[in-house]
Amino acid sequence: MAVRALDRRIVGLGRALRGHGVVVGTSELIDAAAVVDVIGLDRRDRLREGLAAAMLRRAGQRQVFDDLFDVYFPAALGTRAGVPDPADGSPPMTSHEVRVRASALREDLAAALAAADSAALDAVAARTVAELGRLANDATTGPYSAQRALEALAPRTAIAAALERLRDAAEDASGGSGEGSGGAGGGGVGEVGPRFADRFTREELRGAVAAFRRRVEAEARRRNAEVRGVERVARYAVRPPADRTPFLLAGPTELDELRRTIGPLSRTLATRIDVRRRRARRAGIDMRRTLRRSLSTGGVPLAPVPAQRAPARPDLVLLCDLSQSVAGFSRFTILLMQALSAQFRRVRIFGFVNVCDELTETVLAAPAGADLSHAFDDTAAMTRWHHNSDYGTALADFTAHHLDAVGHRTTVLVLGDARTNGTDPHEDDLRSIVECARRVIWLNPEPVRTWGTGDSVAHRYAEIVDMHEVRNLAQLREFVGRLLPV
Amino acid sequence: MPGMTTPTSAGRPARFSSVEEVRHRLDAVGYLVSDATATTVFLADRLGKPLLVEGPAGVGKTELAKAVAAATGAPLIRLQCYEGVDEARALYEWNHAKQLLRITAERDGGGWDALRHDIFTDEFLLPRPLLAAVRSEEPAVLLVDELDKADVEIEGLLLEILSDFQVTVPELGTLTATHRPFVVLTSNATRELSEALRRRCLFLHLDYPDVALEEEIVARAVPELDARLRESVVRLVHRLRDLRLRKAPSVAETVDWARTLLALGVEDDMTEELVVDNLGVLLKHQDDIVRASAALGLDG
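As given, the protein sequences belong to chains A and B, one line each in that order.
Quick note: my numbering has the first sequence finishing at residue 486, numbered continuously throughout.
Quick note: my numbering has the second sequence finishing at residue 786, numbered continuously throughout.
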């Protein structure tokens, strides 16, 4: 049986998903092909939903899927109707030309936002990429850059204009002057009078702009895929899912996205920790009591007595590097542990850059779910002499002043990349913490292959404590769910 | 494609003929769906695969199964999962008491061999939801609710049913479904379900409805409410869901809020005092209320 071109597309999409860490097996591909047979190709939105239902297995994978779907099943080929295409050989635009075009596009964007018109937003996105996103020199991913287009357009600046339009439209409607301006046809976003819900308009527009950015990115990928081939774009130009974004490379938006997952994630992890704790309670047979009871049956142990382990929740001490380089990782882990604090008898949190400062009060006094992302910005009490992280001095400071926080029930988690800027690592101090604690575990956000390179002393610390690579949320979840002593 | 089940083949009549029909018939029983959900339901029926539904609490995962049952006029068979649910609760059980009675009644004659074959028959089998769905005389809807609450062992039990729609009872042999049931599994993701189970299902992430759909839902539930007020209500709820709250308001709470406004006789528009006083209808935690008031600028 000949392989259809369509099947080849589906297999390609499946391979691309695998490349981004989504497990797509042969059975999923067979389902996907069956979906195409049943749904047909005439409704693209339904095809998207159908393929998602067949190929995905969990919610966090949807973003990657949507991006890849747009690459493998593009909405259009070549230039879209109504979008002027600068000829290939045309000279690059001067900065003045760019500004003029950007402001014209911004006008249209404001109108489309005010009208909440999906088709118009698509058209503006297509024009933005075609007019502003063209690179003078082709990058490896292709001749168009969403980044560049968005920088030139600055879509956030259209929010004010869109608000203006909505206000005008509302006034026109209430004044009855009947002169319909651009936003008059807008369904959904505010029509009459200043009303209570209108206070949400700005936030709603902000969300719409974020969605517009995604449209521009998708459009740039589509155009690039035509030039560079689908597979290349699928591999390089699609962002990995949130739980695979490396902590060290995550920007503010990605970190915010990650922080959103803390609530549900902590509930899942709490259940898993609970199950493990219950399993650990089964402790085999209590020989002493079994033998004593066997005396009443003539020394034959008829009724074995199961041993019961007393339920014990461990103490947790977090020792976190809060210097710039790893702050994103440390903060996220602190927030996750705060959400899980009910699982421990006591949680204490110490932050350091080169000396230690206790943060327990700040973190635990805050109400659950409160925004703590800026609670650790003030590192003044954790720095002395210079602003670089210095693990040796910090460990020495911890053993000198805070060692009483560590007892035989304590699990110590050290968070950091062990890059100590060339200073003495003070391994002895780490050893004395190990002696006091039940377990000491080090979570390192750097990949294993870079441990011990440059100023990293990770390999030396790794000889003393358990060191785990925790580059992304997926690995952190794995660690907390399986390895964290409970 | 070899080995593929073509839709509506093998004498299995499809429940729905098009995605539009799914929408209309679910609509007719009072369950409004997005096009995405309707597409997935349509596919689950056509491909004969179970549907795994995940999503936040209160978006209507369980209701979806009920609505499909109501729309197709099929009986709904429900297995509510909880910690410790076992084979005897989920699949089948032998009716020991009745078997004992049978043995006592037979004491005089017949002999052991006849008796042994006799007491492991249909008559002494107590079907639990999974077996009931397989043996149902008419095409049924099987709802396995909150699967994540059950232990991992139950998943293994489900695998045979989900892939082949059959149940093996050692004493009786393998029972295959005469009518393939429409299976819906729901999960709140408090536990990761196994890959083996996920692979056998179509996956649907049911999220909160978008503004337009939720307005329609409110309009359906509280038709007396003014259209403009309805829009305000839904936009307020959507804004609240964007905030990071401990418990985001569900669709049911939107409807409750709309009812509250109606009961209070609000006609024109919401006011700040009104929202502050009644935020408790939407939000169930005190700190959520505090945070939401701050974020919406409702302090004064």
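Positions of the beta carbon are idealized from the N, C-alpha and C atoms, including for glycine.
Neighbourhood of A/D122 by C-beta distance below 7 Å, restricted to the same chain and skipping five residues each side
Hits under 7 Å: R215.
Reference A/A160, options A/T201, A/A197, A/Y144, closest by Cα:
Out of A/T201, A/A197, A/Y144, the CA that lies nearest to the CA of A/A160 is found in A/T201.
Residue nearest to B/E632 in terms of C-alpha spacing, selected from B/S779, B/A551, B/L726:
Nearest C-alpha to B/E632: B/A551.
Inspect the beta-carbon positions of A/R439 and A/T411 and report whether they are closer than 8 Å.
It is a contact, given that the beta carbons lie within the stated cut-off.
Report the partner residues of A/V317 according to the DSSP bridge assignment.
Under DSSP, A/V317 takes part in a beta bridge, and its partners are A/R348, A/V412.
Would you say the beta carbon of A/V355 is closer than 7 Å to some non-hydrogen atom of the ligand COA?
Only the bare structure without any ligand can be found here, which leaves the ligand COA out of the picture.
Between the segment 645-676 of chain B and chain A, which residues of the former have a C-beta closer than 7 Å to a C-beta of the latter?
For the segment 645-676 of chain B, which is checked against every Cβ of chain A, the residues closer than 7 Å are A675, T676.
Starting from B/T654, trace the beta strand (DSSP E) both ways and give me its first and last residue.
First-last of the beta strand (DSSP E) with B/T654: 652-655.
Applying a beta-carbon distance threshold of less than 7 Å, which residues of chain A neighbour B/F689?
Listed along the chain, the chain A residues whose CB falls inside 7 Å of the CB of B/F689 are A53, L56, R57.
Quick one, are the C-beta atoms of B/H665 and B/S622 less than 8 Å apart?
Cβ atoms of B/H665 and B/S622: closer than 8 Å.
How about A/R277 and A/V317: are their beta carbons less than 8 Å apart?
Contact: no.
In angstroms with no decimal places, state the Cα-to-Cα distance between A/R482 and A/I273.
Going by the C-alpha atoms only, they are around 8 Å apart.
Quick check on DSSP: helix, strand or coil for A/F479?
Assigned with DSSP and collapsed to three states, A/F479 falls in helix.
Run through DSSP, which three-state label would B/F689 get?
Reduced to three states, the DSSP call for B/F689 is strand.
Count the C-beta pairs between the segment 203-213 of chain A and the segment 106-124 of chain A that are closer than 8 Å, then say yes if the count reaches three, no if not.
These segments touch.
Should A/V448 be flagged as near chain B, meaning a C-beta pair shorter than 8 Å?
Taking Cβ atoms only, chain B never reaches closer than 8 Å to A/V448, which makes this a no.
Taking a cut of 8 Å between CB atoms, which residues from the segment 726-740 of chain B lie near chain A?
Close to chain A, meaning a Cβ-Cβ distance shorter than 8 Å, are the following residues of the segment 726-740 of chain B: D728, R730, L731, R732.
May I have the straight-line CA-CA distance separating B/S520 from A/L17, to the nearest angstrom?
A straight line joining the alpha-carbon of B/S520 with that of A/L17 spans about 26 Å.
Pick from B/G534, B/K535, B/L628, B/W598 that is closest to B/L562, judged by C-alpha positions
Out of B/G534, B/K535, B/L628, B/W598, B/L628 has the C-alpha closest to the C-alpha of B/L562.
Buried/exposed call for B/T607, threshold 16 Cβ in 10 Å
In summary, B/T607 is exposed, with fewer than 16 beta-carbon neighbours lying within 10 Å of its beta-carbon over all protein chains present.
Starting from A/D45, find everything on chain B with Cβ-Cβ shorter than 9 Å and list it in chain order.
Correct list: D521, A522, T525.
Alpha carbon of B/I647 to alpha carbon of A/S456, nearest angstrom:
Those two C-alpha atoms are separated by around 54 Å.
Every unbroken alpha helix (DSSP H) within the segment 110-144 of chain A, with a cutoff of 4 residues, ordered by chain
Taken in chain order, the complete alpha helix (DSSP H) segments of 4 or more residues contained in the segment 110-144 of chain A are 118-132.
Given a cut-off of 8 Å, decide if A/N444 and A/Y418 are closer than it, judged by their beta-carbon atoms.
The displayed chain sequence assigns Ala, not Tyr, to residue 418 of chain A. Yes, they are a contact pair.
Going by DSSP, name the residue or residues bridged to A/Q61.
Within the DSSP bridge table, the entry for A/Q61 names no partner.
If you measure from the beta carbon of B/V767 to each beta carbon in chain A, is any gap under 8 Å?
Any Cβ of chain A closer than 8 Å to the Cβ of B/V767 would place that residue at the interface, and such an atom is absent.
Can the beta-carbon of A/E226 be found closer than 8 Å to that of A/G78?
Going by C-beta atoms, A/E226 is nearer than 8 Å to A/G78.
Is any beta-carbon of chain B found at less than 8 Å from that of A/S325?
Chain B contact via Cβ: absent.
Just to confirm before moving on: does the CB-CB distance between B/V762 and B/G546 stay below 8 Å?
Cβ distance not < 8 Å, so B/V762 and B/G546 don't count as in contact.
Taking the beta carbon of A/G180 as the centre, do at least 16 other beta carbons fall within 10 Å, making it buried, or is it exposed?
With a pLDDT of 38 at A/G180, under the threshold of 50, the modelled position of that residue is not reliable, and no figure is offered here.
List, in order along the chain, the chain B residues whose C-beta lies closer than 9 Å to that of A/D243?
The contacting residues do not exist; A/D243 stays about 12 Å from chain B at best.
With a threshold of 7 Å on Cβ separation, who are the neighbours of A/S177 within its own chain once the five nearest residues in sequence on each side are excluded?
Caution is warranted here: a pLDDT of 41 is assigned to A/S177, below 50, making its placement in the model unreliable, and the coordinate value is therefore given only provisionally. Shown here for A/S177: not one same chain residue has a beta carbon closer than 7 Å to its own, the five before and five after excluded.
Between A/T362, A/S118, A/E151, A/A120, which lies nearest to A/R134 when the distance is taken from Cα to Cα?
Selection A/T362, A/S118, A/E151, A/A120 evaluated against A/R134 yields A/E151 as nearest (Cα-Cα).
Residues of its chain near B/L612, where Cβ-Cβ distance is below 6 Å and the 5 sequence neighbours each way are ignored
Cβ neighbours of B/L612 beyond the five flanking positions: E579, N581.
Give the DSSP bridge partners of B/Q772, in chain order.
As DSSP reads the structure, B/Q772 sits in no beta bridge.
When the distance is taken between beta carbons, is B/L537 closer than 8 Å to B/V527?
For the 8 Å CB-CB criterion, B/V527 and B/L537 form a contact.
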